[in-house]
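In what follows, a single structure is set out as structure tokens and then discussed.
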Amino acid sequence: MSVGAKRTLGARISALLSFICGLFGLYVGLTDRIWKLGSIGWFTGGTVLALIALFLLVDGALASQKAKG
15 MSVGAKRTLG
25 ARISALLSFI
35 CGLFGLYVGL
45 TDRIWKLGSI
55 GWFTGGTVLA
65 LIALFLLVDG
75 ALASQKAKG
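Count along the sequence shown from 1, add 14, and you get the number used in our numbering.
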């Protein structure tokens, strides 16, 4: 694997998980079921995962640029 490939893969997995958390939050909000985290908790978790994914993606891009030049 290249220098930033592991970080990019981690970013893609985190982005997928954040999307799933957002879908859970939407489901919980629409069905009025009571879950431990509630709709706000699922959306907050998805937002945190999306920020981690963004950080990993930028870090991987910077690492691959440093390796090239």
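Even for Gly, the Cβ is constructed at its ideal location relative to N, Cα and C. Here the structure is a predicted model, which is why all the values come from computation and not from measurement.
Top-ranked residue by Cα proximity to residue i, from the options
| i | options | result |
| --- | --- | --- |
| Ala67 | Met15, Leu30, Gly43 and Ala19 | Leu30 |
| Leu23 | Gln79, Val72, Lys82 and Lys80 | Val72 |
Whole-angstrom distance between residue j and residue i, CA atom to CA atom
| i | j | result |
| --- | --- | --- |
| Ala75 | Gly18 | 6 Å |
| Ile27 | Leu51 | 22 Å |
| Val42 | Gly83 | 48 Å |
7 Å Cβ shell around residue i - same chain, five flanking residues per side excluded
| i | result |
| --- | --- |
| Gly39 | Ser53, Trp56, Phe57 and Gly60 |
| Ala81 | Val17 |
| Ala25 | Ala67, Leu70, Leu71 and Gly74 |
| Arg21 | Leu70, Asp73, Gly74 and Ala77 |
Sequence-distant residues of the same chain with beta carbon closer than 8 Å to residue i, five excluded per side
| i | result |
| --- | --- |
| Cys35 | Trp56, Phe57, Gly59, Gly60 and Leu63 |
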